[in-house]
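K.L.:
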Amino acid sequence: MSQSVQLQDKVVIVTGAGGGLGRAHALLFARHGAKVLVNDLGGSTQGEGANASAADRVVAEIRAAGGIAEANHDSVTDGDKIVQNALDAFGRIDVVVNNAGILRDKTFHKMDDGDWDLVYRVHVEGAYKVTRAAWPHLREQGYGRVIFTASTSGIYGNFGQSNYGMAKLGLYGLTRTLALEGRKNNILVNAIAPTGGTRMTEGLIPPQVFERLKPELVSPLVVYLGSEACQETSGLFEVGGGWIGKTRWERSLGVGFDPEAGFSPDDVAAHWQQICDFEGAAHPKDNIEALKEMMANLQKFSL
Numbered sequence: 174m175s176q177s178v179q180l181q182d183k184v185v186i187v188t189g190a191g192g193g194l195g196r197a198h199a200l201l202f203a204r205h206g207a208k209v210l211v212n213d214l215g216g217s218t219q220g221e222g223a224n225a226s227a228a229d230r231v232v233a234e235i236r237a238a239g240g241i242a243e244a245n246h247d248s249v250t251d252g253d254k255i256v257q258n259a260l261d262a263f264g265r266i267d268v269v270v271n272n273a274g275i276l277r278d279k280t281f282h283k284m285d286d287g288d289w290d291l292v293y294r295v296h297v298e299g300a301y302k303v304t305r306a307a308w309p310h311l312r313e314q315g316y317g318r319v320i321f322t323a324s325t326s327g328i329y330g331n332f333g334q335s336n337y338g339m340a341k342l343g344l345y346g347l348t349r350t351l352a353l354e355g356r357k358n359n360i361l362v363n364a365i366a367p368t369g370g371t372r373m374t375e376g377l378i379p380p381q382v383f384e385r386l387k388p389e390l391v392s393p394l395v396v397y398l399g400s401e402a403c404q405e406t407s408g409l410f411e412v413g414g415g416w417i418g419k420t421r422w423e424r425s426l427g428v429g430f431d432p433e434a435g436f437s438p439d440d441v442a443a444h445w446q447q448i449c450d451f452e453g454a455a456h457p458k459d460n461i462e463a464l465k466e467m468m469a470n471l472q473k474f475s476l
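Position one of the sequence shown corresponds to residue 174 (this note's numbering), numbered consecutively onward.
1) Who are the near neighbours of alanine 306 in its chain, counting only those whose CB is closer than 8 Å to its CB and skipping five residues on each side?
2) For alanine 323, tell me which candidate among Leu464, Val362, Ala443, Asp286 has the shortest Cα-Cα distance.
3) Answer yes if the segment 382-394 comes into contact with the segment 418-427, meaning at least three C-beta pairs across the two stretches below 8 Å, and no otherwise.
4) Spatial neighbours of glycine 333 within its chain, please: CB distance less than 8 Å, with the 5 preceding and 5 following residues excluded, ordered by chain position.
5) For tryptophan 416, does the three-state DSSP call read helix, strand or coil?
6) Can you check which of these residues, His205, Ala207, Asn224, is closest to aspartate 213 by C-alpha distance?
7) Look at the alpha carbon of lysine 208 and the alpha carbon of glutamate 243, and state the distance between them as a whole number of angstroms.
8) On the premise that alanine 273 lies in contact with glutamate 266, defined as a C-beta separation below 8 Å, what is that separation, rounded to the nearest angstrom?
9) Please determine if the segment 285-293 and the segment 304-321 are in contact, where contact requires at least 3 C-beta pairs separated by less than 8 Å.
10) Mapping DSSP to helix, strand and coil, what is glutamine 472?
11) Measure the C-alpha to C-alpha separation of valine 211 and tyrosine 316 and round it to an integer number of angstroms.
12) For arginine 236 and proline 393, what's the separation of their Cα atoms in angstroms?
13) Can you give the Cα-Cα distance for leucine 201 and alanine 402, rounded to whole angstroms?
14) Kindly indicate the opening and closing residues of the alpha helix (DSSP H) around isoleucine 328.
15) Beta-carbon within less than 6 Å of valine 185's beta-carbon, same chain only, minus the 5 sequence neighbours each way: which residues are those?
16) Just the Cα atoms here: how many angstroms apart are valine 441 and leucine 464?
17) Per DSSP, what kind of secondary structure is leucine 409 in: helix, strand or coil?
18) Could you tell me which of Ser425, Asn271, Gln404, Glu411 sits nearest to proline 457, measuring between CA atoms?
19) What does DSSP give as the partner residue(s) for lysine 283 in the beta ladder?
20) Where does lysine 208 fall in DSSP's three states?
21) With isoleucine 275 as the anchor, note down where its beta strand (DSSP E) starts and where it stops.
22) Below 8 Å on the Cβ atoms is my contact criterion, and I expect isoleucine 328 with leucine 351 to pass it. Report the Cβ-Cβ distance as a whole number of Å.
23) So phenylalanine 474 and proline 438 are supposed to be a Cβ contact under 8 Å. How far apart are they, rounded?
24) Just list the residues that DSSP pairs leucine 361 with in beta bridges.
25) Check whether the Cβ atoms of valine 178 and valine 396 sit closer than 8 Å, and answer yes or no.
26) If you draw a straight line from the alpha carbon of aspartate 286 to that of alanine 364, how long is it in whole angstroms?
27) Quick one: Cα of alanine 398 to Cα of alanine 469, how far?
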């Protein structure tokens, strides 16, 4: 059966690819003809230590199956080194999959600066550094695909994950802006919020469910988003267990007060139910659409 999603000779960087989701992504990209830079520092899920064997094992798997891959053991905070490694090995970069991540779960009142800063550095600064180093090359060649890994913990919140939720939703903000800036150079940027049975989620998901949430059930979406066949940009997709859905912002139609006469906190209280009513809700796709109701309210009271 022929594949409509092809990545023959495309060069893909997958960070945190020594196990779990990243490993599954790397293997599937390679099966679709991509040359893969398998990045993994080899640290613990808490961001401690380093071990080169994780990335090396995945590269060995890819090569044993007839694919092309190189290992990289740098931290994602040294994104320029990772990108340079891909250029040295393969001569170009086409796709960046920002997958590396750690957990330092604690309730907010028990969290210290180290827990906050390390999660920020790996998830946000790491994704920034790798993508920033790749960006000029993607622009110059007029082609690129970038995938960020968000999380339902960022979209909906999750007890004990204020640091992780902050980082993951921050990456979607980055996704939206880079999608706008990259489009004219054919750089498409999307985010996924995956659920998979990995060492990061072990113990957090019931064992019988954990076993069925194979990381391989996330990777087909990632490979599609990384392909030329995909023309989607700025999207956010929840994915796991064989299911994929697109998530979007929703906003109530709200209430307009007279901007000249002003309004009071009591007025807000009196209209609270209507302010929070999602009947006939709007789905702004950009800043212009987001301002539509506010501008209509200004115009209404200027007549």
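Where is the CB? At the ideal position from N, CA and C, for every residue including glycine.
P.N.:
Answer, in terms of the structure:
1) Numbered from 1 along the sequence shown, position 133 holds the residue referred to as residue 306. Excluding residues within five positions, the ones whose Cβ falls inside 8 Å are Gly252, Asp253, Ile255, Val256, Gln257.
2) As a working note, residue 323 is residue 150 in the sequence shown. Each of Leu464, Val362, Ala443, Asp286 was checked against the Cα of alanine 323, and the nearest Cα belongs to Val362.
3) No: fewer than three Cβ pairs fall under 8 Å.
4) Walking along the sequence shown from the start, residue 333 turns up at place 160. Residues Asp278, Lys279, Thr280 of the same chain have their beta carbon placed closer than 8 Å to that of glycine 333, with the five preceding and five following residues left out of the count.
5) Here residue 416 refers to the residue found at position 243 of the sequence shown. The answer is strand: DSSP assigns tryptophan 416 an E or B state.
6) In the sequence shown, the residue the question calls residue 213 occupies position 40. When each option's Cα is compared against that of aspartate 213, the closest is Asn224.
7) As a working mapping, residue 208 is identified with position 35 in the sequence shown. As a working mapping, residue 243 is identified with position 70 in the sequence shown. Taken atom to atom, the span from the alpha-carbon of lysine 208 to that of glutamate 243 is near 8 Å.
8) Mapped onto the sequence shown, residue 266 falls at position 93. Mapped onto the sequence shown, residue 273 falls at position 100. The displayed chain sequence assigns isoleucine, not glutamate, to residue 266. Between alanine 273 and isoleucine 266 the Cβ distance is about 16 Å, and since that is not below 8 Å, they are no contact.
9) Three or more Cβ pairs closer than 8 Å define a contact, and the segment 285-293 falls short of that threshold against the segment 304-321.
10) In the sequence shown, the residue the question calls residue 472 occupies position 299. If DSSP states are grouped into helix, strand and coil, glutamine 472 belongs with the helices.
11) By 1-based counting over the sequence shown, the position of residue 211 is 38. By 1-based counting over the sequence shown, the position of residue 316 is 143. When rounded, the distance between both Cα atoms is 21 Å.
12) Counting from 1 along the sequence shown, the entry for residue 236 is found at position 63. Counting from 1 along the sequence shown, the entry for residue 393 is found at position 220. Distance between the alpha carbons of arginine 236 and proline 393: 20 Å.
13) By 1-based counting over the sequence shown, the position of residue 201 is 28. By 1-based counting over the sequence shown, the position of residue 402 is 229. Looking at the two C-alpha atoms, the distance is approximately 16 Å.
14) Taking the sequence shown and counting its residues from 1, the one referred to as residue 328 is at position 155. First-last of the alpha helix (DSSP H) with isoleucine 328: 325-329.
15) Counting from one through the sequence shown, the residue named residue 185 turns up at place 12. Counting only residues of its own chain and dropping the five nearest sequence neighbours on each side, valine 185 has a CB closer than 6 Å to the CB of Phe202, Ala207, Val209, Val268.
16) The residue you call residue 441 lines up with position 268 of the sequence shown. The residue you call residue 464 lines up with position 291 of the sequence shown. Roughly 20 Å separates the two Cα atoms.
17) Counting from one through the sequence shown, the residue named residue 409 turns up at place 236. Strand at leucine 409.
18) Position 284 of the sequence shown, counting from 1, holds the residue named residue 457. Taking each of Ser425, Asn271, Gln404, Glu411 in turn and checking the Cα distance to proline 457, the smallest one comes out for Ser425.
19) Residue mapping note: residue 283 aligns to position 110 of the sequence shown, counting from 1. DSSP output for lysine 283 lists no bridge partner at all.
20) Locating residue 208 in the sequence shown gives position 35, counting from the first residue. Strand at lysine 208.
21) Working through the sequence shown from its first residue, we reach residue 275 at position 102. Segment: none, isoleucine 275 is in no beta strand (DSSP E) and carries neither H nor E.
22) As a position in the sequence shown, residue 328 is number 155, starting the count at 1. As a position in the sequence shown, residue 351 is number 178, starting the count at 1. Between the beta-carbon of isoleucine 328 and that of leucine 351 there is about 18 Å, and that puts the pair past the 8 Å contact cut.
23) Here residue 474 is taken as the residue at index 301 of the sequence shown, counted from 1. Here residue 438 is taken as the residue at index 265 of the sequence shown, counted from 1. In this structure phenylalanine 474 is not in contact with proline 438, their Cβ atoms being roughly 20 Å apart against a cut-off of 8 Å.
24) Taking the first residue of the sequence shown as position 1, residue 361 is located at position 188. The secondary-structure analysis by DSSP pairs leucine 361 across a beta bridge with Arg318.
25) Translated into the one-based positions of the sequence shown, residue 178 becomes position 5. Translated into the one-based positions of the sequence shown, residue 396 becomes position 223. In this structure, valine 396 lies closer than 8 Å to valine 178 by Cβ.
26) Position 113 of the sequence shown, counted from the start, is the residue given in the question as residue 286. Position 191 of the sequence shown, counted from the start, is the residue given in the question as residue 364. Each residue's CA atom was taken as its position, placing aspartate 286 and alanine 364 some 27 Å apart.
27) Reading the sequence shown from its first residue, position 225 is the one you call residue 398. Reading the sequence shown from its first residue, position 296 is the one you call residue 469. It is worth fixing the name first, because residue 398 is leucine in this sequence and not alanine. Cα-Cα distance, rounded: 37 Å.
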